[in-house]
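S.K.: Counting from 1 along the sequence shown, just add 139 to a position and that's the residue number in the working numbering.
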Amino acid sequence: MREITVGDVRIASIVERDGPWRKIANMFPNADVELARRHLATMDPFLYDPGSDKLVLPYQTFVVRTPRHTILIDTCTGDHKGHPAPWDFPVQPWLTNFHALGLKYEDIDYVFCTHLHIDHTGWNTRLVNGRWVPTFPNAKYIFHRQEYAFWEDDALSGANSHGDNGSVWRMNCLPIVEAGQALLIDESYSLDDTFFLSVTPGHSPFHCCVHIRSRGKEAIVTGDLMHHALQCIEPDWSSGFDTDPIESAKTRWKFFGQYADSNILMLPIHFPSPTMGRIASNGDRFRYVFSA
Ligand SMILES: [Zn+2]
């Protein structure tokens, strides 16, 4: 995604991985695969790779620079985490792309995670002398209190709902709290009259969207409220990684209904470049219109 401005705020993207990633049925277990292929034939060609029959899903971080602060939203999968395939990327371009924006670890004032999954919390920490430490020494990390509590309980109780034995929470979240760098907040939190939250549950229990407002303009980082533009046409198709797929579908219907045909710019984490776009109504459904 090219760098954009929303009023006085600049927003850029750091891509960790890109390209074809998952088959339709793997990503959306309740999808009608033939219908999905017919929809995809009418959509932007960069959304689907017919050769591998896979949806294109990048992993990325948004860098939000307000006049006062530099904020990262979602931090991809990180480095040296030892995750099993397919999260065992051999080389992580994230750091190269971070430095290409002229940034150092010390420059980051805030880190916000829309939710606490493996591909949204990775660069929260890095390995130093065998210990996971906060990557950004001057940053406050903003976690929704109940989202954090859910994954803490998931790890400590052995519920293991994502099959990682709590390793994502232990490596990427707990060290932030132990270092005293976490701000455990609720959805009433705001920063500088520019950065606001709304709870959009389903993909995870307290998943939040981030609203960035400046000089009458607004953009929304939608996290994993949607993973692919197909879900604007078929809001009932929930990802196989949702904590509550029924609730996540409800959240999409409500969100799309609320923002369809508005000028508010959407920034979905897993949409390929140009990434940003708007929700448009489409009969009794919706469609995603990418902005060039
Ligand atoms: Zn994700």
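Heads up, the beta-carbon is just placed ideally off N, CA and C, and yes, glycines get one too.
Please read these numbers as outputs of a predicted model, since none were measured by experiment.
1) In chain order, what residues of the same chain lie with their CB nearer than 7 Å to the CB of residue 248, ignoring the 5 residues before and after it?
2) At 4 residues or longer, what runs of the alpha helix (DSSP H) sit wholly inside the region 259-338?
3) Alpha carbon to alpha carbon, how far is residue 334 from residue 326?
4) Only counting the same chain, and skipping five residues up and downstream in sequence, which positions put a Cβ closer than 6 Å to that of residue 344?
5) Closest to residue 286 by C-alpha separation, out of 259, 140, 168, would be which residue?
6) Identify which residue in 233, 397, 152 has its Cα closest to the Cα of residue 203.
7) When you compare each of 156, 215, 426, 170 to residue 93 by their alpha carbons, which one comes out closest?
8) Just to confirm the assignment, what range does the alpha helix (DSSP H) spanning residue 397 have?
9) Can you find at least 3 beta carbon pairs, one from the region 390-401 and one from the region 409-420, that sit closer than 8 Å?
10) Where do the N-terminal and C-terminal ends of the alpha helix (DSSP H) with residue 350 fall, by residue?
11) Tell me whether the region 180-197 and the region 149-165 touch, counting them as touching only if at least three CB pairs, one residue from each stretch, are closer than 8 Å.
12) Determine the extent of the alpha helix (DSSP H) in which residue 370 is found, giving its start and end residues.
13) Return the residue from the list 284, 341, 232 that minimises the CA-CA distance to residue 386.
14) Looking at residue 263: is its Cβ nearer than 9 Å to the Cβ of residue 250?
15) Hey, would you say the C-beta of residue 366 is under 8 Å away from at least one heavy atom of ligand 1?
16) Using the beta-carbon of each residue, find all residues closer than 5 Å to any heavy atom of ligand 1 and list them in chain order.
17) Report the CB separation of residue 429 from residue 183 in whole angstroms; it is logged as a contact under 8 Å.
18) According to the neighbour-count rule (16 or more other Cβ atoms, all chains shown, within 10 Å of its Cβ), is residue 176 buried or exposed?
19) Figure out for me which residue from 404, 427, 336 has the closest Cα to the Cα of residue 347.
20) Taking residue 168 as the reference, which of 394, 431, 384, 395 has the closest Cα?
21) Which same chain residues end up closer than 7 Å to residue 368 when comparing Cβ atoms and leaving out the 5 residues on each side of it in sequence?
22) Going by DSSP, name the residue or residues bridged to residue 159.
23) Tell me where the alpha helix (DSSP H) around residue 236 begins and ends.
24) In whole angstroms, what is the alpha-carbon distance linking residue 252 and residue 361?
M.R.: Considering the structure as presented:
1) These residues qualify, in order along the chain: 208, 209, 210, 277, 278.
2) Restricting attention to alpha helix (DSSP H) runs no shorter than 4 residues, the region 259-338 encloses them at 284-296, 313-317, ordered along the chain.
3) The alpha-carbon separation between residue 334 and residue 326 amounts to approximately 11 Å.
4) Same-chain partners within the cutoff: 289, 382.
5) Of 259, 140, 168, the residue nearest in Cα terms is 259.
6) Of the listed residues, the one whose Cα sits closest to residue 203 is 152.
7) Absent from the structure is residue 93, since the part of the chain shown begins at 140 and ends at 431.
8) Element bounds for residue 397: 384-398.
9) Yes, the region 390-401 touches the region 409-420.
10) Careful: residue 350 lies outside any alpha helix (DSSP H), inside the beta strand (DSSP E) at 347-353.
11) Result yes; three or more Cβ-Cβ pairs closer than 8 Å.
12) Where residue 370 is concerned, the enclosing alpha helix (DSSP H) stretches over 369-372.
13) Residue 386 has its Cα closest to that of 341, out of 284, 341, 232.
14) Closer than 9 Å, so yes.
15) Yes.
16) Cβ atoms closer than 5 Å to ligand 1 belong to 258, 363.
17) 6 Å between Cβ atoms; contact.
18) By the neighbour-count rule (16 or more Cβ atoms within 10 Å), residue 176 is not buried but exposed.
19) Among 404, 427, 336, the Cα nearest to that of residue 347 belongs to 336.
20) Among 394, 431, 384, 395, the Cα nearest to that of residue 168 belongs to 384.
21) Short of 7 Å from the beta carbon of residue 368, and not among the five residues preceding or following it, lie these beta carbons of its own chain, in chain order: 182, 186, 410, 427.
22) Bridge partners of residue 159: 195.
23) Per DSSP, residue 236 belongs to the alpha helix (DSSP H) from 233-239.
24) In this model, residue 252 and residue 361 are separated by some 11 Å (Cα to Cα).
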